[in-house]
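Protein chains in written order, with our numbering: chain A, 563 to 593; chain B, 758 to 1151. For every residue, glycine included, the Cβ atom is placed at its ideal position computed from N, Cα and C. Report on the following structure.
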């Protein structure tokens, strides 16, 4: 019999545009 | 002193362990400072993607969601950063498009979702992610791949743009045709291109260069087909648009030269086994315009033949070519106004766009068909030249 995989936890991800925004604000913060 | 006993592949589980603090170093050495021409990287196409995935697997294995998130975010940002820095470098953009796609395929192949496991070996199935469903990150990485594809298209366009008019329209290679200039436009004939002039050979060499680079990077064959189709569309649309704007390009002999050039491009497609890419079809408007320059344009029968032949040209384009058509010699007549009117009447039921020029900036929608790999993760070794000695094979 095939072993049923364990349920995995869905990792929520920001969109590419949201990642861009986060990245820009991080760059602005760093000197 | 510890004795270094080489471990057998079967002892490895195809994961790479790293210290949390080494994540920045990983991105720096593997993404930001990696040279695609390095021997190591060419040994296994997609090696950076496999390394990143093996790191993701370990973070998943130890059930550390923060680490998985952090690594995926840093990877995506690292790829975006290098592509911003080297935005017009075909080699870099092609390399990261290939690797981003391979990373995406790995995330699917080892997702544990049955649809993506069909071609896996039992060992590969053992290597599926245990704790996390990364479907949302796959979407982000797929979006990133689309962005990189669009950037690659722009880079190709910038490289090809200065070659197209010269190589496809102006430069003449067919012996005996060069002398047949439209009346009043005769010029010195020369079989050798002037220095700095692009020829069809320059275009073909450039296509070879793009193609071999993509193959070296292990780009998915289906993706190469889409890129080649996009390249051919750029060549065809820029050539046709210039033909439609230049009277000196609308002659019987130019029609002959264009058909010859197109046949060389088609031969290139056959040579690279890319006939099913749809690239040839993108040249259809140009092929028909070249035929239009060569057919008889006098009788009602000629008009009927032209209307059925020029299905890929708009009425505006057909009429423009006929208006611009310049006889090769004094024995040939210009296209009469009544003939052009006949054509217009015949085509008035066509519901085509009134636009004269093709949209040379059009980008076809891209897809990344799933392409699983037979490579066994546990067999992957990282060459020391990659400066990733801080990664521990697990």
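query, result
"Cβ neighbour criterion (16 or more within 10 Å) applied to residue 1088 (chain B)", "exposed"
"Spatially closest choice to residue 856 (chain B) from B:846, B:836 and B:1009, by CA coordinates", "B:836"
"CB contact below 8 Å: residue 942 (chain B) versus chain A", "Caution is warranted here: a pLDDT of 49 is assigned to residue 942 (chain B), below 50, making its placement in the model unreliable, and the coordinate value is therefore given only provisionally. Chain A, which has no Cβ nearer than 8 Å to the Cβ of residue 942 (chain B), makes this no."
"Close beta carbons around residue 919 (chain B), own chain, < 7 Å, minus the five adjacent residues each side", "955"
"Rounded C-alpha distance that separates residue 1048 (chain B) from residue 780 (chain B)", "60 Å"
"Separation of residue 957 (chain B) from residue 947 (chain B), as counted between CA atoms", "Its pLDDT being 44, under 50, residue 947 (chain B) is placed unreliably in this model, and the value from its coordinates should be taken loosely. Those two C-alpha atoms are separated by around 15 Å."
"Rounded straight-line distance, which links the Cα of residue 1008 (chain B) to that of residue 1085 (chain B)", "6 Å"
"Residue 810 (chain B) to residue 770 (chain B) span [Cα, whole Å]", "13 Å"
"Residue ranges of each alpha helix (DSSP H) within the segment 1088 to 1136 of chain B, 4 or longer", "1094 to 1104"
"Beta-carbon contacts of residue 914 (chain B) that lie in its chain and below 7 Å, excluding the five residues immediately before and after", "991"
"Any chain A beta carbon closer than 8 Å to residue 889 (chain B)", "yes"
"Contact list for the segment 842 to 872 of chain B against chain A, Cβ threshold 8 Å", "869"
"Any 3 or more C-beta pairs closer than 8 Å across the segment 894 to 905 of chain B and the segment 843 to 863 of chain B", "yes"
"Integer Cβ distance of residue 813 (chain B) from residue 825 (chain B), believed to fall under 8 Å", "6 Å"
"Residues that residue 822 (chain B) contacts on chain A, provided the C-beta gap is smaller than 8 Å", "571 and 573"
"Classification of residue 1146 (chain B) by the beta-carbon crowding that lies within 10 angstroms, buried from 16 upward", "exposed"
"The segment 1134 to 1145 of chain B contacting the segment 782 to 801 of chain B, beta-carbon criterion three pairs below 8 Å", "yes"
"Chain A contact for residue 949 (chain B) (CB, 8 Å cutoff)", "Interpretation of residue 949 (chain B) is limited by its pLDDT of 48, a score under 50 that renders its predicted location unreliable; the figure taken from the coordinates is listed afterwards. No, residue 949 (chain B) does not count as interfacial toward chain A."
"Chain A residues whose Cβ lies nearer than 9 Å to that of residue 813 (chain B)", "Residues of chain A passing the Cβ test: none, with the nearest at roughly 11 Å."
"Proximity winner among B:831, B:1018, B:1080 and B:1102, relative to residue 576 (chain A) (alpha-carbon distances)", "B:831"
"Neighbour flag for residue 830 (chain B) against chain A, beta carbons, 8 Å", "yes"
"Inter-residue Cα distance where the pair is residue 1140 (chain B) and residue 999 (chain B)", "50 Å"
"Residues of the segment 877 to 911 of chain B whose Cβ lies closer than 8 Å to any Cβ of chain A, in chain order", "885, 886, 887, 888, 889, 890, 891, 892, 893, 894, 896, 897, 900, 901 and 904"
"Cβ of residue 834 (chain B) within 8 Å of any chain A Cβ", "yes"
"Those runs of the alpha helix (DSSP H) which lie wholly inside the segment 792 to 818 of chain B and span at least 4 residues", "796 to 800 and 804 to 818"
"Alpha carbon of residue 1134 (chain B) to alpha carbon of residue 979 (chain B), nearest angstrom", "23 Å"
"Through-space distance from residue 994 (chain B) to residue 1040 (chain B), alpha-carbon basis", "8 Å"
"C-alpha distance - residue 1068 (chain B) paired with residue 1042 (chain B), whole-angstrom precision", "8 Å"
"Those residues which DSSP pairs with residue 889 (chain B) across a bridge", "A:571"
"Length of the line joining the Cα atoms of residue 1082 (chain B) and residue 1002 (chain B)", "11 Å"
"Cβ-based burial, residue 772 (chain B) [other Cβ within 10 Å; buried from 16]", "buried"
"Residue 1092 (chain B): contacting residues in chain A (beta-carbon distance under 8 Å)", "Going along chain A, no residue has its Cβ under 8 Å from residue 1092 (chain B), so there is no contact; the nearest lies around 52 Å."
"Chain A residues whose Cβ lies nearer than 8 Å to that of residue 1123 (chain B)", "Near residue 1123 (chain B) there are no residues of chain A at all, since even the closest Cβ is about 15 Å away, more than 8 Å."
"Residue 580 (chain A) - DSSP class collapsed to helix/strand/coil", "helix"
"Test: residue 825 (chain B) CB closer than 8 Å to a CB of chain A", "yes"
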